[in-house]
Structure formats: C-alpha cells, structure tokens
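Just so you know, we're using the numbering used here here: the sequence shown kicks off at 259 and counts up by one. For reference, the structure discussed in these notes is given below.
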Amino acid sequence: MSELLLKLSAIDSRYILRRVAVFLALLALTLNISVSWKAYRNEPLREAASRSLLASNSHFFYDSGLAEPLPVFALKLAMAGGADPDGALRAEGLVVFALLVFVTFFSLQRFGEITALMAALLLAVNPYAGFYAMQGSSHLYALVFLLLFWHNFDRPAGTSRNTLLAGLYGGLACLSRLDAGLALLVIAALSWAVKRSAFGLKKAGLALGLALLLTLPYAVCQKVKYNDPLYAQELSLRRWANIERYGYAQAAYTETGPLGPAAFLLRNGAAGVPRMFLGGLGRALSHELPRSFYYSFLFVPVFLGIYAVFVLKKYELLFFFAAALLPALPLAAIKQVPATGGIELRYYLWAMWALCALAGLGFQEILEWAQAVLNARFRVKHDAEPTPDKNKGRILNEQKQ
C-alpha cells in the first residue's frame, strides 16, 4: 500500500490534467462548432436578421445604421469578397466563438493554468455559446473585447502598452455593443473601490478615455443621421418598454419613438427602480443564469471558486461577473420570451463566461486539495513504518560464526 501511495504522490497530477484538459477542450470546441453548424444552419436569425441589409447600405465603418458598427463591418468585408451574407454571418460567429475560447485560456493564466484550461473547456462545451455563435450574436463579439480589456486593465505590473491595449479593446467592445460601456465603468469602479491606493488612476483614466474616443464617432454619426447620438439604443429601449406593458400585441403599441435611458429606468417611477433591479437579479440567479450555464452540477466548483476568490484576494473575477450581469438586470424581469418568461439567454453570455471562470478556479482548488491530502497520507504512512536496522543482519551472522 505504501508503495502505491509513493507512486501516486510522485505523479504530477497537474501535468496529466493539463494534457487531458487541452485535448478535451479542443475536441469539445470542434464538436460544438460542427454540431452547431449542422443543427442551426437554417435556424431563422433574430438579432442579426437585418445585418446584411445594414452592411449593404453602409458606406464606412461608423455608418452602420441601427446597429453597432463592428459586427456590421465584419459582415460587409465578407460580402465584399463575394461571400453569401447568411453563411458568412454564421461562419464569422463561429470564428468569434473559437477566438473567445482561446482568449479565455490566455486571459486566465494569471489565476493558474488549470483554471484557464477548465474554464476554456466549460465554455467550449456550452451549447448556448454554439447556438448564439450561429446567430452571429453581437454579445459574443463584445465579450471577446471585454475580456481583452479586463485582462489588460489595472494589472499590478501593467505597462503603458497594457493601458493602450485596454483602451483599444474597450472601444471595440463598445463598438460591438454599446452597453459594454457600462461593463467597462463597473470594472473600473469596483477596481478603484477595492484597491484604492494601489489603483492606477491615471492609467485607468487613459484607458477609459481612449475607449470613449474610439466610440465617440459612432455617437456623432447617429447624431448627424438621426438627430440623436443614441438613436438605435433608445429605439431598443422603447421596444423593451412596450413589450413589458403590452406584450407582443402589435395593435396595442401606442408609444413610439426613442426612449432615453433615464426615462426607461424611471418608467414606473423612482420607487420602481430598486424593484426592477432586485426583481431582475432574482430572476437572473434563479432561472436564466443556471440555464445559460447548462450543467447545474458545475455550480459546486463555482461556489468553491467564489470561496477561493476571497481567500486568495483575487477579486477580479467577481468584478467581471458584476460588470457582466449589471447590463442585463434592467431587462431581466421583462417577459420577452412568452413560453418561459424572462429574456433571451444571449443577454447572459457575459455572466455565463464568468461562471465558467469561477468553476475553473474551483476545479483548481479541488485538485490542489486532493494533491495535498494524498501527499499528507503518504507522509503519515512513511513515518509510521519502522526504520530497518542495517547492522542487525551482520550481528546475527557474526554470532552464528
């Protein structure tokens, strides 16, 4: 038994798990992309249904019509090369999904290689990620750049290069989905609130300023074209308010035109704001987030990962989770999906990624605990065995002689 424990303790379990996780992540990503392409190739487009028309009518990058410019411009480039709009949109979504898995692995290296590998694996096997990739969801585009912003922002040993990269990626996240700007501000605010004196205020201001500078021409284009810098986004808020009040009874829609963010939040009065956020939070935590994560048993390592965050004082993952969830909360209690209630799961893709990362950290803690227990048991067994007397045999032989 002691020999078996000795052999087990000598095995580098991290090395084995690392190789297995890499293989499984690549296999899962390949299968997810393949199955998604076959299963959802003819699924009607939702969010991106008008993207090909917007791409055809746009003349330059920021002239994207009623949608953020980066996904529209990506499709315009594919169409300029003669690609079929529908096929190109879906193929680009799958490429973004694959890129997201690789960015996940590299951005989480600072938390440990096992964390990075397991998070990439959990993301690669998530069926909703494959489905929304085939839908060309702008949330996936924004998520890639949000991760790159988060990876470079306020690093302990960050350089000016990291600051500039954070600003660039933050701008591209906003140009994929403008509500990503709220996530950038939440990440910055929470980092400052927790770190205070250790927070690089000037670098953070430079990164956020650069992101704003890159996003500003899009708002200017909307102002020139529609006389409203947030015209597309405020039209979307009007649709949300109408869905909440009237459902999908089109004849009942009596309110039209843009609805500003403040007016949307105060649509039920000031007292309705906390109810909206608390109701949305309860709905998100009890229904949509577990569904988007898909594998319910994985919440065990998620809770272990949250515990590890506080023990190790690596709060960045919780910052990202809060920033990812907050933009969805004002919408979460609205019954957008008549069959189940709540909103589409694409609005939870950012928060779902954070759960994958926390679960990866939880798996790493489980592995370290198991390795420590195994090493401790071997030491106990080894110390309990009597030390052999090398002279005993020689003395007996001399007595016999």
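Where is the CB? At the ideal position from N, CA and C, for every residue including glycine.
Cβ pair residue i, residue j closer than 7 Å
i: valine 383; j: alanine 286; result: yes
i: serine 365; j: alanine 400; result: no
i: leucine 328; j: valine 361; result: no
i: leucine 430; j: phenylalanine 411; result: no
i: valine 567; j: leucine 576; result: yes
i: glycine 351; j: methionine 392; result: yes
i: glycine 515; j: alanine 590; result: no
i: arginine 309; j: valine 293; result: no
i: glycine 425; j: leucine 468; result: yes
i: leucine 625; j: isoleucine 564; result: no
i: leucine 312; j: alanine 325; result: yes
i: threonine 421; j: leucine 470; result: no
i: glycine 428; j: phenylalanine 407; result: yes
i: leucine 347; j: glycine 394; result: yes
i: histidine 397; j: leucine 607; result: yes
i: tyrosine 320; j: phenylalanine 389; result: no
Backbone secondary structure at residue i - three-state DSSP
i: valine 569; result: helix
i: asparagine 410; result: helix
i: leucine 264; result: Caution applies to leucine 264, whose pLDDT of 49 falls short of 50 and renders its modelled position unreliable; the model cannot decide the point.
i: leucine 607; result: helix
i: valine 330; result: helix
i: glutamine 659; result: In this prediction, glutamine 659 has a pLDDT of 46, which is less than 50 and means its spatial position is unreliable; nothing more can be read from the coordinates.
i: lysine 593; result: coil
i: alanine 582; result: helix
i: proline 487; result: coil
i: leucine 493; result: helix
i: tyrosine 273; result: helix
i: alanine 325; result: coil
i: tyrosine 399; result: helix
i: glutamate 546; result: helix
i: glutamate 623; result: helix
i: isoleucine 564; result: helix
i: arginine 533; result: helix
i: glycine 600; result: coil
i: glycine 538; result: helix
i: glycine 618; result: helix
i: leucine 654; result: Note on leucine 654: pLDDT 40, under 50, position unreliable in the model; the coordinate value appears next. Residue state, collapsed to three classes: helix.
Run of the alpha helix (DSSP H) containing residue i, from where it starts to where it stops
i: tyrosine 553; result: Segment: none, tyrosine 553 is in no alpha helix (DSSP H) and carries neither H nor E.
i: alanine 346; result: 343-365
i: tyrosine 390; result: 385-392
i: glutamate 371; result: 371-382
Expected contact under 8 Å - CB spacing of residue i and residue j to nearest Å
i: leucine 524; j: leucine 495; result: Not really, about 12 Å apart at Cβ, beyond 8 Å.
i: valine 482; j: leucine 584; result: Incorrect: roughly 30 Å between the Cβ atoms, too far for contact.
i: leucine 466; j: leucine 442; result: 6 Å
i: alanine 378; j: valine 359; result: 5 Å
i: isoleucine 274; j: phenylalanine 621; result: That belief does not hold up - the Cβ atoms of isoleucine 274 and phenylalanine 621 are roughly 14 Å apart, past 8 Å.
i: alanine 542; j: alanine 582; result: Actually they are not in contact, since the Cβ atoms of alanine 542 and alanine 582 sit about 11 Å apart, beyond 8 Å.
i: alanine 612; j: phenylalanine 561; result: Not a contact, Cβ separation roughly 14 Å.
i: glycine 600; j: glutamate 546; result: 5 Å
CB contact below 7 Å: residue i versus chain C
i: cysteine 614; result: Note that chain C does not occur in the displayed structure, where there is just one protein chain.
| Residue ranges of each beta strand (DSSP E) within the stretch 275-318, 3 or longer | none
| Those runs of the alpha helix (DSSP H) which lie wholly inside the stretch 500-531 and span at least 4 residues | Correct list: 519-523.
| field | Runs of alpha helix (DSSP H) wholly within the stretch 420-478 (minimum 4 residues, chain order) | value | Here the runs fully enclosed are 438-453.
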